[in-house]
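Below is one structure; the comments refer to it alone.
Numbering (our numbering), first residue to last: 29 to 435.
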(Lines of atoms letter the chains of each structure in order from A and count residues from 1; the text may use other names and numbers.)
(Lines give C-alpha, C1' and ligand atoms only; values in the text may rest on other atoms or scores of the structure.)
Protein backbone atom coordinates (compact mmCIF):
# COMPACT_ATOMS: atom_id res chain seq x y z
CA UNK A 1 0.00 0.00 0.00
CA UNK A 2 2.88 2.38 0.82
CA UNK A 3 4.45 1.66 -2.57
CA UNK A 4 1.17 2.44 -4.35
CA UNK A 5 0.72 5.74 -2.47
CA UNK A 6 4.25 6.69 -3.52
CA UNK A 7 3.73 5.61 -7.14
CA UNK A 8 0.35 7.32 -7.64
CA UNK A 9 1.69 10.92 -7.93
CA UNK A 10 4.51 9.68 -10.15
CA UNK A 11 2.07 7.85 -12.42
CA UNK A 12 -0.20 10.92 -12.61
CA UNK A 13 2.69 13.20 -13.63
CA UNK A 14 3.84 10.69 -16.24
CA UNK A 15 0.41 10.80 -17.90
CA UNK A 16 0.91 14.44 -18.88
CA UNK A 17 4.51 14.22 -20.03
CA UNK A 18 3.16 13.56 -23.51
CA UNK A 19 -0.28 15.22 -23.66
CA UNK A 20 -0.88 14.31 -27.30
CA UNK A 21 -0.47 10.59 -26.66
CA UNK A 22 -2.64 10.84 -23.56
CA UNK A 23 -5.42 12.60 -25.47
CA UNK A 24 -5.26 10.04 -28.29
CA UNK A 25 -5.75 7.20 -25.81
CA UNK A 26 -8.51 9.15 -24.05
CA UNK A 27 -10.27 9.69 -27.38
CA UNK A 28 -10.14 5.97 -28.16
CA UNK A 29 -11.68 5.06 -24.79
CA UNK A 30 -14.27 7.87 -24.78
CA UNK A 31 -15.53 7.28 -28.33
CA UNK A 32 -15.62 3.51 -27.87
CA UNK A 33 -17.47 3.46 -24.55
CA UNK A 34 -19.75 6.39 -25.48
CA UNK A 35 -20.92 4.54 -28.59
CA UNK A 36 -21.55 1.37 -26.55
CA UNK A 37 -23.57 3.19 -23.86
CA UNK A 38 -25.68 5.27 -26.25
CA UNK A 39 -26.26 2.35 -28.62
CA UNK A 40 -27.23 0.21 -25.63
CA UNK A 41 -29.82 2.79 -24.55
CA UNK A 42 -31.21 3.04 -28.10
CA UNK A 43 -31.44 -0.73 -28.55
CA UNK A 44 -33.09 -1.11 -25.14
CA UNK A 45 -35.59 1.57 -26.17
CA UNK A 46 -36.24 -0.27 -29.45
CA UNK A 47 -36.76 -3.58 -27.61
CA UNK A 48 -39.12 -1.94 -25.11
CA UNK A 49 -41.06 -0.21 -27.89
CA UNK A 50 -41.42 -3.48 -29.82
CA UNK A 51 -42.51 -5.27 -26.66
CA UNK A 52 -45.08 -2.62 -25.75
CA UNK A 53 -46.52 -2.45 -29.28
CA UNK A 54 -47.04 -6.20 -29.42
CA UNK A 55 -48.18 -6.80 -25.85
CA UNK A 56 -50.52 -3.80 -25.75
CA UNK A 57 -52.16 -4.79 -29.02
CA UNK A 58 -53.94 -7.96 -27.84
CA UNK A 59 -51.45 -10.29 -26.18
CA UNK A 60 -51.11 -8.75 -22.72
CA UNK A 61 -48.59 -10.28 -20.32
CA UNK A 62 -50.24 -13.69 -20.52
CA UNK A 63 -53.26 -15.57 -21.83
CA UNK A 64 -55.51 -18.44 -20.80
CA UNK A 65 -56.94 -20.90 -23.34
CA UNK A 66 -58.47 -24.33 -23.51
CA UNK A 67 -55.95 -27.13 -24.01
CA UNK A 68 -55.08 -27.38 -27.69
CA UNK A 69 -56.29 -23.91 -28.70
CA UNK A 70 -52.82 -22.56 -29.48
CA UNK A 71 -52.21 -25.50 -31.84
CA UNK A 72 -55.68 -25.37 -33.41
CA UNK A 73 -57.35 -21.98 -32.72
CA UNK A 74 -60.89 -22.95 -33.76
CA UNK A 75 -64.25 -22.66 -32.07
CA UNK A 76 -64.01 -26.33 -31.09
CA UNK A 77 -61.18 -25.42 -28.67
CA UNK A 78 -63.28 -23.06 -26.56
CA UNK A 79 -63.68 -22.91 -22.79
CA UNK A 80 -66.28 -22.08 -20.16
CA UNK A 81 -66.33 -18.87 -18.14
CA UNK A 82 -63.68 -18.86 -15.37
CA UNK A 83 -64.69 -20.71 -12.20
CA UNK A 84 -64.42 -19.32 -8.67
CA UNK A 85 -60.83 -20.53 -8.12
CA UNK A 86 -59.55 -18.89 -11.31
CA UNK A 87 -61.59 -15.73 -10.70
CA UNK A 88 -60.07 -15.41 -7.24
CA UNK A 89 -56.55 -15.46 -8.73
CA UNK A 90 -57.45 -13.01 -11.52
CA UNK A 91 -58.86 -10.56 -8.96
CA UNK A 92 -55.67 -10.44 -6.88
CA UNK A 93 -53.86 -7.05 -6.77
CA UNK A 94 -50.83 -8.20 -8.80
CA UNK A 95 -53.09 -8.91 -11.81
CA UNK A 96 -53.68 -5.42 -13.21
CA UNK A 97 -56.43 -6.08 -15.77
CA UNK A 98 -58.00 -9.08 -17.47
CA UNK A 99 -60.48 -9.49 -20.29
CA UNK A 100 -62.42 -12.34 -21.91
CA UNK A 101 -62.68 -12.72 -25.69
CA UNK A 102 -64.18 -14.86 -28.40
CA UNK A 103 -61.49 -15.32 -31.05
CA UNK A 104 -61.94 -17.42 -34.18
CA UNK A 105 -60.52 -17.60 -37.71
CA UNK A 106 -63.02 -16.22 -40.18
CA UNK A 107 -63.57 -14.86 -43.68
CA UNK A 108 -64.83 -11.35 -44.42
CA UNK A 109 -66.72 -10.58 -47.61
CA UNK A 110 -67.54 -7.19 -49.08
CA UNK A 111 -69.22 -6.34 -52.35
CA UNK A 112 -65.86 -6.59 -54.10
CA UNK A 113 -63.57 -8.96 -52.26
CA UNK A 114 -63.25 -11.85 -49.80
CA UNK A 115 -60.33 -12.01 -47.36
CA UNK A 116 -59.26 -14.12 -44.35
CA UNK A 117 -58.95 -12.58 -40.89
CA UNK A 118 -59.46 -13.23 -37.19
CA UNK A 119 -62.79 -12.22 -35.68
CA UNK A 120 -62.69 -11.06 -32.07
CA UNK A 121 -65.76 -10.69 -29.91
CA UNK A 122 -64.85 -8.31 -27.09
CA UNK A 123 -66.17 -6.41 -24.12
CA UNK A 124 -65.31 -2.83 -25.20
CA UNK A 125 -65.07 -1.35 -21.69
CA UNK A 126 -62.70 -4.07 -20.44
CA UNK A 127 -60.76 -4.14 -23.72
CA UNK A 128 -59.93 -0.44 -23.41
CA UNK A 129 -57.93 -1.24 -20.24
CA UNK A 130 -55.71 -3.86 -21.85
CA UNK A 131 -55.52 -3.11 -25.60
CA UNK A 132 -54.50 -0.04 -27.60
CA UNK A 133 -56.96 -0.80 -30.42
CA UNK A 134 -59.68 1.53 -29.03
CA UNK A 135 -57.09 4.35 -28.91
CA UNK A 136 -56.13 3.74 -32.54
CA UNK A 137 -59.58 4.53 -33.93
CA UNK A 138 -59.24 7.04 -36.77
CA UNK A 139 -62.74 7.05 -38.22
CA UNK A 140 -66.22 6.29 -36.92
CA UNK A 141 -66.95 4.89 -33.47
CA UNK A 142 -65.69 2.01 -31.36
CA UNK A 143 -68.00 -0.68 -30.00
CA UNK A 144 -70.34 0.52 -27.26
CA UNK A 145 -71.12 -2.78 -25.48
CA UNK A 146 -70.80 -6.57 -25.67
CA UNK A 147 -74.14 -6.63 -27.51
CA UNK A 148 -72.99 -4.16 -30.17
CA UNK A 149 -73.72 -5.69 -33.60
CA UNK A 150 -71.37 -3.35 -35.47
CA UNK A 151 -67.86 -4.22 -36.60
CA UNK A 152 -64.55 -2.34 -36.38
CA UNK A 153 -62.00 -2.99 -39.14
CA UNK A 154 -58.42 -1.97 -39.83
CA UNK A 155 -58.15 0.95 -42.25
CA UNK A 156 -55.89 -0.95 -44.64
CA UNK A 157 -58.27 -3.94 -44.63
CA UNK A 158 -61.20 -1.63 -45.40
CA UNK A 159 -59.24 -0.19 -48.33
CA UNK A 160 -58.53 -3.69 -49.64
CA UNK A 161 -62.22 -4.61 -49.30
CA UNK A 162 -63.24 -1.29 -50.89
CA UNK A 163 -65.64 -0.67 -48.04
CA UNK A 164 -66.19 2.23 -45.64
CA UNK A 165 -68.12 3.42 -42.60
CA UNK A 166 -71.83 2.59 -42.92
CA UNK A 167 -71.33 -0.22 -45.43
CA UNK A 168 -72.18 -3.82 -44.60
CA UNK A 169 -69.83 -6.79 -44.71
CA UNK A 170 -70.45 -10.49 -44.16
CA UNK A 171 -68.41 -12.56 -41.70
CA UNK A 172 -68.27 -16.33 -42.13
CA UNK A 173 -66.77 -18.75 -39.60
CA UNK A 174 -67.15 -22.30 -38.33
CA UNK A 175 -70.06 -22.60 -35.89
CA UNK A 176 -70.49 -24.73 -32.79
CA UNK A 177 -71.64 -27.85 -34.64
CA UNK A 178 -69.09 -27.51 -37.44
CA UNK A 179 -71.51 -25.88 -39.87
CA UNK A 180 -70.91 -22.51 -41.50
CA UNK A 181 -71.99 -19.56 -39.36
CA UNK A 182 -72.41 -16.20 -41.04
CA UNK A 183 -73.74 -12.78 -40.24
CA UNK A 184 -73.89 -9.35 -41.83
CA UNK A 185 -72.26 -6.51 -39.88
CA UNK A 186 -72.31 -2.78 -40.40
CA UNK A 187 -68.88 -1.14 -40.40
CA UNK A 188 -68.96 1.40 -37.56
CA UNK A 189 -65.26 2.22 -37.11
CA UNK A 190 -61.77 1.98 -38.59
CA UNK A 191 -58.53 1.72 -36.63
CA UNK A 192 -54.98 2.44 -37.82
CA UNK A 193 -51.76 1.05 -36.41
CA UNK A 194 -49.45 -1.75 -37.40
CA UNK A 195 -50.45 -2.73 -40.96
CA UNK A 196 -50.31 -6.42 -40.10
CA UNK A 197 -52.83 -5.84 -37.31
CA UNK A 198 -55.02 -3.73 -39.60
CA UNK A 199 -55.24 -6.63 -42.06
CA UNK A 200 -55.56 -9.40 -39.46
CA UNK A 201 -58.31 -8.41 -37.02
CA UNK A 202 -61.97 -7.39 -36.95
CA UNK A 203 -63.82 -6.56 -33.71
CA UNK A 204 -67.44 -6.96 -32.72
CA UNK A 205 -69.33 -7.34 -29.44
CA UNK A 206 -68.60 -10.55 -27.53
CA UNK A 207 -72.29 -11.44 -27.05
CA UNK A 208 -72.88 -10.83 -30.76
CA UNK A 209 -70.04 -13.18 -31.71
CA UNK A 210 -71.28 -15.82 -29.25
CA UNK A 211 -74.77 -15.64 -30.74
CA UNK A 212 -73.43 -15.91 -34.29
CA UNK A 213 -71.35 -18.99 -33.42
CA UNK A 214 -74.10 -20.46 -31.20
CA UNK A 215 -71.71 -21.10 -28.29
CA UNK A 216 -73.85 -19.72 -25.44
CA UNK A 217 -71.51 -17.97 -22.94
CA UNK A 218 -68.35 -19.87 -23.95
CA UNK A 219 -65.17 -17.92 -24.72
CA UNK A 220 -61.88 -18.51 -26.56
CA UNK A 221 -59.36 -16.77 -24.32
CA UNK A 222 -58.63 -14.62 -21.31
CA UNK A 223 -55.86 -12.04 -21.68
CA UNK A 224 -54.36 -10.35 -18.63
CA UNK A 225 -51.71 -7.83 -17.62
CA UNK A 226 -49.72 -7.73 -14.38
CA UNK A 227 -48.36 -4.92 -12.23
CA UNK A 228 -44.78 -6.24 -12.31
CA UNK A 229 -43.41 -8.16 -15.27
CA UNK A 230 -40.68 -9.62 -13.06
CA UNK A 231 -43.37 -11.41 -11.02
CA UNK A 232 -45.06 -12.88 -14.11
CA UNK A 233 -43.58 -16.36 -13.64
CA UNK A 234 -45.03 -16.71 -10.15
CA UNK A 235 -48.44 -15.43 -11.26
CA UNK A 236 -48.52 -17.91 -14.16
CA UNK A 237 -47.79 -20.78 -11.75
CA UNK A 238 -50.59 -19.64 -9.43
CA UNK A 239 -53.06 -19.49 -12.30
CA UNK A 240 -51.99 -22.92 -13.53
CA UNK A 241 -52.56 -24.33 -10.06
CA UNK A 242 -56.03 -22.73 -9.94
CA UNK A 243 -56.97 -24.01 -13.43
CA UNK A 244 -54.95 -27.17 -14.18
CA UNK A 245 -57.18 -28.13 -17.13
CA UNK A 246 -56.45 -24.89 -19.00
CA UNK A 247 -53.41 -23.77 -20.99
CA UNK A 248 -51.88 -20.68 -19.35
CA UNK A 249 -48.85 -19.14 -21.05
CA UNK A 250 -46.70 -15.97 -20.63
CA UNK A 251 -46.14 -13.49 -23.44
CA UNK A 252 -42.71 -14.96 -24.21
CA UNK A 253 -44.42 -18.17 -25.37
CA UNK A 254 -47.36 -16.44 -27.06
CA UNK A 255 -45.21 -13.96 -28.98
CA UNK A 256 -41.82 -15.59 -29.63
CA UNK A 257 -40.89 -12.94 -32.20
CA UNK A 258 -41.18 -10.22 -29.55
CA UNK A 259 -38.99 -12.25 -27.21
CA UNK A 260 -36.50 -12.88 -30.05
CA UNK A 261 -36.26 -9.13 -30.78
CA UNK A 262 -35.76 -8.48 -27.06
CA UNK A 263 -32.89 -11.00 -26.90
CA UNK A 264 -31.40 -9.75 -30.20
CA UNK A 265 -31.25 -6.14 -29.02
CA UNK A 266 -29.47 -7.08 -25.80
CA UNK A 267 -27.08 -9.34 -27.72
CA UNK A 268 -26.27 -6.53 -30.17
CA UNK A 269 -25.04 -4.37 -27.29
CA UNK A 270 -22.42 -6.96 -26.33
CA UNK A 271 -21.48 -7.62 -29.97
CA UNK A 272 -20.82 -3.89 -30.40
CA UNK A 273 -18.98 -3.85 -27.05
CA UNK A 274 -16.70 -6.64 -28.34
CA UNK A 275 -15.98 -4.70 -31.55
CA UNK A 276 -15.24 -1.49 -29.64
CA UNK A 277 -13.05 -3.35 -27.14
CA UNK A 278 -11.02 -4.75 -30.04
CA UNK A 279 -10.46 -1.24 -31.42
CA UNK A 280 -9.68 0.12 -27.96
CA UNK A 281 -7.23 -2.73 -27.38
CA UNK A 282 -5.34 -1.86 -30.56
CA UNK A 283 -5.23 1.83 -29.62
CA UNK A 284 -4.23 1.27 -25.99
CA UNK A 285 -1.55 -1.33 -26.77
CA UNK A 286 -0.03 0.82 -29.53
CA UNK A 287 0.14 4.00 -27.46
CA UNK A 288 1.31 2.25 -24.29
CA UNK A 289 4.00 0.26 -26.12
CA UNK A 290 5.20 3.46 -27.76
CA UNK A 291 5.38 5.11 -24.34
CA UNK A 292 7.28 2.13 -22.89
CA UNK A 293 9.85 2.13 -25.72
CA UNK A 294 10.38 5.89 -25.41
CA UNK A 295 10.92 5.51 -21.64
CA UNK A 296 13.18 2.45 -21.81
CA UNK A 297 16.19 4.49 -20.60
CA UNK A 298 14.10 5.90 -17.75
CA UNK A 299 12.98 2.44 -16.60
CA UNK A 300 16.58 1.22 -16.68
CA UNK A 301 17.69 4.18 -14.57
CA UNK A 302 14.88 3.59 -12.06
CA UNK A 303 15.92 -0.04 -11.68
CA UNK A 304 19.56 1.00 -11.27
CA UNK A 305 18.45 3.35 -8.46
CA UNK A 306 16.74 0.46 -6.67
CA UNK A 307 13.17 0.35 -8.01
CA UNK A 308 12.04 -3.23 -8.32
CA UNK A 309 10.50 -4.64 -11.56
CA UNK A 310 7.23 -5.20 -9.67
CA UNK A 311 7.09 -1.48 -8.80
CA UNK A 312 7.65 -0.51 -12.44
CA UNK A 313 4.86 -2.91 -13.44
CA UNK A 314 2.53 -1.33 -10.87
CA UNK A 315 3.49 2.19 -11.97
CA UNK A 316 2.68 1.53 -15.65
CA UNK A 317 -0.58 -0.21 -14.69
CA UNK A 318 -1.51 2.74 -12.47
CA UNK A 319 -0.93 5.11 -15.39
CA UNK A 320 -3.18 2.97 -17.58
CA UNK A 321 -5.83 2.61 -14.85
CA UNK A 322 -6.00 6.38 -14.30
CA UNK A 323 -5.99 7.16 -18.02
CA UNK A 324 -8.71 4.65 -18.84
CA UNK A 325 -10.66 5.69 -15.73
CA UNK A 326 -10.68 9.31 -16.93
CA UNK A 327 -11.87 8.16 -20.36
CA UNK A 328 -14.59 5.99 -18.84
CA UNK A 329 -15.80 8.88 -16.67
CA UNK A 330 -15.94 11.30 -19.62
CA UNK A 331 -17.78 8.71 -21.74
CA UNK A 332 -20.33 8.07 -18.97
CA UNK A 333 -20.99 11.79 -18.47
CA UNK A 334 -21.37 12.56 -22.19
CA UNK A 335 -23.55 9.47 -22.76
CA UNK A 336 -25.75 10.48 -19.82
CA UNK A 337 -26.15 14.02 -21.18
CA UNK A 338 -26.98 12.64 -24.64
CA UNK A 339 -29.67 10.30 -23.31
CA UNK A 340 -31.15 13.04 -21.10
CA UNK A 341 -31.31 15.29 -24.17
CA UNK A 342 -33.34 12.58 -25.94
CA UNK A 343 -35.81 12.07 -23.06
CA UNK A 344 -38.68 13.48 -25.15
CA UNK A 345 -38.23 10.64 -27.61
CA UNK A 346 -36.87 10.03 -31.10
CA UNK A 347 -39.49 10.36 -33.82
CA UNK A 348 -39.28 7.49 -36.33
CA UNK A 349 -42.19 8.67 -38.47
CA UNK A 350 -39.95 8.89 -41.56
CA UNK A 351 -38.97 5.27 -40.95
CA UNK A 352 -42.49 4.18 -40.02
CA UNK A 353 -42.69 1.19 -42.35
CA UNK A 354 -39.30 -0.14 -41.28
CA UNK A 355 -40.18 0.37 -37.61
CA UNK A 356 -43.48 -1.47 -38.09
CA UNK A 357 -41.72 -4.32 -39.86
CA UNK A 358 -39.46 -4.78 -36.83
CA UNK A 359 -42.41 -4.42 -34.47
CA UNK A 360 -41.47 -1.04 -32.96
CA UNK A 361 -43.57 2.06 -32.50
CA UNK A 362 -43.01 5.45 -34.14
CA UNK A 363 -41.32 6.90 -31.03
CA UNK A 364 -38.29 5.61 -29.14
CA UNK A 365 -37.60 6.75 -25.58
CA UNK A 366 -33.97 6.04 -24.57
CA UNK A 367 -33.59 5.66 -20.82
CA UNK A 368 -30.68 5.52 -18.43
CA UNK A 369 -30.08 2.04 -17.09
CA UNK A 370 -27.82 2.46 -14.07
CA UNK A 371 -26.97 -1.25 -13.92
CA UNK A 372 -26.05 -1.34 -17.62
CA UNK A 373 -24.02 1.88 -17.40
CA UNK A 374 -22.00 0.63 -14.44
CA UNK A 375 -21.50 -2.90 -15.78
CA UNK A 376 -20.44 -1.85 -19.30
CA UNK A 377 -18.16 0.90 -17.98
CA UNK A 378 -16.58 -1.48 -15.47
CA UNK A 379 -16.01 -4.07 -18.20
CA UNK A 380 -14.23 -1.49 -20.39
CA UNK A 381 -12.11 -0.25 -17.46
CA UNK A 382 -11.04 -3.77 -16.41
CA UNK A 383 -10.35 -4.85 -20.00
CA UNK A 384 -8.34 -1.67 -20.57
CA UNK A 385 -6.13 -2.43 -17.57
CA UNK A 386 -5.79 -6.05 -18.68
CA UNK A 387 -4.74 -4.90 -22.16
CA UNK A 388 -2.09 -2.64 -20.58
CA UNK A 389 -0.52 -5.62 -18.79
CA UNK A 390 1.65 -6.49 -21.78
CA UNK A 391 3.31 -3.05 -22.14
CA UNK A 392 3.67 -2.90 -18.35
CA UNK A 393 5.29 -6.33 -18.30
CA UNK A 394 7.68 -5.28 -21.08
CA UNK A 395 8.66 -2.22 -19.05
CA UNK A 396 9.28 -4.25 -15.89
CA UNK A 397 11.50 -6.80 -17.69
CA UNK A 398 13.94 -4.24 -19.08
CA UNK A 399 17.62 -5.00 -18.36
CA UNK A 400 19.02 -1.97 -16.48
CA UNK A 401 22.43 -2.00 -18.23
CA UNK A 402 20.98 -2.39 -21.73
CA UNK A 403 18.14 0.03 -21.01
CA UNK A 404 20.48 2.81 -19.87
CA UNK A 405 22.36 2.56 -23.17
CA UNK A 406 19.08 2.68 -25.13
CA UNK A 407 19.02 5.77 -27.34
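All residues carry an ideal CB built from backbone N, CA and C; glycine is no exception.
In this structure, the beta-carbon distance from residue 199 to residue 210 falls below 8 Å. Here the C-alpha atom of residue 297 lies approximately 26 Å from the C-alpha atom of residue 84. Look at residue 233 here: in three-state DSSP terms it is strand.
With fewer than 16 other Cβ atoms from the protein chains shown falling within 10 Å of its own Cβ, residue 100 counts as exposed.
Pairing residue 353 with residue 418 gives a Cβ-Cβ distance that is not under 8 Å. For residue 155, the CB contacts under 6 Å within the same chain, skipping 5 residues up- and downstream, are 127 in chain order.
The C-beta of residue 44 has fewer than 16 other C-beta atoms within 10 Å across all chains shown, which makes the residue exposed.
No Cβ-Cβ contact shorter than 8 Å links residue 311 with residue 50. Using a Cβ distance threshold of 8 Å, residue 114 and residue 134 do not count as a contacting pair. Residue 97 has its alpha-carbon roughly 5 Å from the corresponding atom of residue 105.
Per DSSP, reduced to three states, the secondary structure at residue 43 is helical. Residue 176 is positioned such that its CB atom lies closer than 8 Å to that of residue 233. Within the region 169-250, complete alpha helix (DSSP H) segments of at least 4 residues are found at 183-189, 223-228, 234-241, given in chain order.
Inside the region 121-149, DSSP marks whole beta strand (DSSP E) runs of 3 or more residues at positions 123-137, from first to last along the chain.
CA-CA distance, residue 358 to residue 284, rounds to 39 Å. Between the alpha carbons of residue 229 and residue 90 lies a distance of about 19 Å. The three-state secondary structure of residue 363, taken from DSSP, is helix. A check of alpha carbon separations from residue 161 across 289, 88, 402, 269 identifies 88 as the nearest.
Collapsing the DSSP output to three states places residue 93 in a strand.
In the DSSP annotation of this structure, the continuous segment of the beta strand (DSSP E) that includes residue 274 starts and ends at 274-278. The alpha-carbon separation between residue 401 and residue 349 amounts to approximately 18 Å.
With at least 16 other beta carbons inside 10 angstroms of its own, residue 236 counts as buried.
Sequence-distant partners of residue 362 (beyond 5 residues in either direction) whose C-beta falls short of 6 Å from its own C-beta, in its chain, are 62. Counting other Cβ atoms within 10 Å of its Cβ, residue 247 reaches 16 or more and is therefore classed as buried. Buried is the label assigned to residue 278, since at least 16 other Cβ atoms lie within 10 Å of its Cβ.
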